Amino acid sequence: MVPASIEAVRSGGKRALAAALAAIETNAGTPELAAFLDAACRAAKGATLGLTGPPGVGKSTLTNALVGSWRAAGETVGVIAIDPSSRRTGGALLGDRARISTNPEDRGVFVRSMAARDRLGGLSDQTVAAMVIMRAVFDRVLVESVGIGQSEADVAMVADTVVLCIQPGSGDSLQFMKAGVMELPDVIAVTKADMGAPARRAKADVEGALTLVARDPGAWPAPVVLVSSTTGEGMDDLARAIEAHRAWLGEGRLDARRAAQEAQWVEEAIRTRFGTAGTAAIRPALGQGPFRREHDIMTRLAARFG
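Below you can see the structure in the form of structure tokens.
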């Protein structure tokens, strides 16, 4: 059942939020869900952080540290952890969620695992809708992508700020340049700073790679921060880098970034279902928001292509 309003989800606690997230799948493709998600889009109140990087880099440990610091500051937090999928059931293996330690009695934090299934971009098909709901409920939303390779960049579709995690021994600057993800981070965190010299070398390699990445004039210069989630080293520097980017977005750029993301959501949904023929057939935007627009376009394309 689609929630009556985003206010009902906000006041209903974890049970209401869990029901709203379940409705994403049980009511997929309905105008009622599209209208609710568009209302949630307009009611956005939180900042969204995307955390990405290769397997084993320490994303879940860093997630723990960030959630702890935000809760200590009195901010509410929603976490979406994208897990690898079980080959047998197709569901999430829950590896990331198992590493994220939260107090079940804490009403100010909510963690949801989602299976990546057959998507290759590091996210789940339902991640966008889940993020939109959580962003309307919490002060902070953290989306932790499944471990990615060199080309997956879906996390940029859902995050205001993207943090790319890199660990010592990942390679030299040429290897980093080969990775398409180097063009998308707003902040780069070199993890396991307690390793000392190898971590400092990795930081230097990343900074060297960034000098070779073409950026538009006036673009945000992505800082590189050494962090250790276990010792706490560099966590204050990371927090300052994230807040600096948030302030930079606040200078008229956040609305433009989110509008571009919404257009990308619709295009991606059409492409997934109807392929290039569907995207070529898209007419001017319909409806009041991305989800209603997506529903209207899907209805028209279904009638045309079957």
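Just so you know, we're using this note's numbering here: the sequence shown kicks off at 21 and counts up by one. Glycine is no exception: its CB is placed at the ideal position from the N, C-alpha and C atoms. Note that the structure is a prediction, hence the values are computed from the model and not measured.
Quiz item: Hey, out of Lys65, Val247, Leu162 and Cys61, whose CA is closest to Ile102's CA?
Solution: The option with the nearest alpha carbon to Ile102 is Leu162.
Practice problem: Give me whichever residues DSSP pairs with Ile186 in a beta bridge. | Solution: Val210
Practice problem: Below 8 Å CB to CB, which residues in the same chain sit around Leu269 once its five sequence neighbours on both sides are set aside? | Solution: Asp180, Thr181 and Arg277
Quiz item: Where does Asp257 fall in DSSP's three states?
Solution: helix
Self-check item: Limits of the alpha helix (DSSP H) - the one that Thr50 falls within
Solution: Counting along the chain, Thr50 falls outside any alpha helix (DSSP H), and DSSP gives it neither H nor E.
Self-check item: Cβ separation of Ile44 and Ala150, assumed to be a contact under 8 Å, to the nearest whole Å
Solution: 6 Å
Quiz prompt | Backbone secondary structure at Ala43 - three-state DSSP | solution = helix
Quiz item: Hey, Met177 and Val148: beta-carbon distance below 8 Å or not?
Solution: Using a Cβ distance threshold of 8 Å, Met177 and Val148 count as a contacting pair.
Quiz item: In chain order, which alpha helix (DSSP H) runs of at least 4 residues are fully inside the stretch 66-92?
Solution: 79-92
Quiz item: Smallest Cα separation from Glu287: which of Asp316, Ser25 and Ile153?
Solution: Nearest of Asp316, Ser25 and Ile153 to Glu287, Cα basis: Asp316.
Quiz prompt | Whether Asp225 touches Ser248 by CB criterion (8 Å) | solution = no
Practice problem: Return helix, strand or coil for Val233, following the three-state DSSP convention. | Solution: coil
Quiz prompt | Unbroken alpha helix (DSSP H) run spanning Glu27, endpoints | solution = Its alpha helix (DSSP H) spans residues Ile26 to Ser31.
Quiz item: In its own chain, which residues sit with a C-beta less than 7 Å from the C-beta of Arg107, not counting the 5 before and 5 after it?
Solution: Residue placement at Arg107 is flagged as unreliable, the pLDDT there being 45, under the threshold of 50; a coordinate-derived value is accordingly withheld.
Quiz item: Based on the DSSP secondary-structure assignment, which residues constitute the bridge partners of Ala101?
Solution: Ser133 and Glu164
Quiz item: Just the Cα atoms here: how many angstroms apart are Arg62 and Asp236?
Solution: Taking the straight line joining both Cα atoms gives about 29 Å.
Self-check item: Reduced DSSP category for Leu37 - H, G, I as helix; E, B as strand; rest coil
Solution: helix
Quiz prompt | Expected contact under 8 Å - CB spacing of Leu57 and Val152 to nearest Å | solution = 6 Å
Quiz item: Does the beta-carbon of Glu314 have 16 or more other beta-carbons within 10 angstroms, so that it is buried, or is it exposed?
Solution: buried
Quiz prompt | Span separating the alpha-carbon of Arg312 from that of Glu125 | solution = 36 Å
Quiz prompt | Residue-level contact to chain B via CB, Ala92, 8 Å cutoff | solution = Annotation note: the requested chain B is absent from the structure, which comprises a single protein chain.
Quiz item: Going by DSSP, which residues form a beta bridge with Thr181?
Solution: Leu69
Practice problem: Determine, using beta carbons only, whether Gly128 and Val99 come nearer to each other than 8 Å. | Solution: No; because the gap between Cβ atoms is not below 8 Å, this pair is not in contact.
Exercise. Apply the 10 Å Cβ neighbour rule to Pro243 and answer buried if 16 or more other Cβ atoms are within range, or exposed otherwise.
Key: buried
Quiz item: Using the beta-carbon count (16 or more within 10 Å), is Arg273 buried or exposed?
Solution: exposed
Practice problem: Report yes if the C-beta distance between Thr211 and Leu82 is below 8 Å; otherwise report no. | Solution: Contact flag set, yes.
Quiz item: Does the Cβ of Ala60 have 16 or more other Cβ atoms within 10 Å, making it buried, or fewer, making it exposed?
Solution: buried
Quiz item: Opposite Val245 in the DSSP bridges: which residues?
Solution: Ala209
Quiz item: In whole angstroms, what is the alpha-carbon distance linking Ala222 and Arg91?
Solution: 31 Å
Practice problem: Assign Thr109 to one of three DSSP states: helix, strand, or coil. | Solution: The predicted model places Thr109 with a pLDDT of 45, which falls under 50 and marks its position as unreliable, so this point remains unresolved.
Exercise. Starting from the C-beta of Gln187, find all residues in its chain whose C-beta is less than 6 Å away, skip the five residues before and the five after it, and write them out in chain order.
Key: Residues Val77, Thr211 and Lys212 of the same chain have their beta carbon placed closer than 6 Å to that of Gln187, with the five preceding and five following residues left out of the count.
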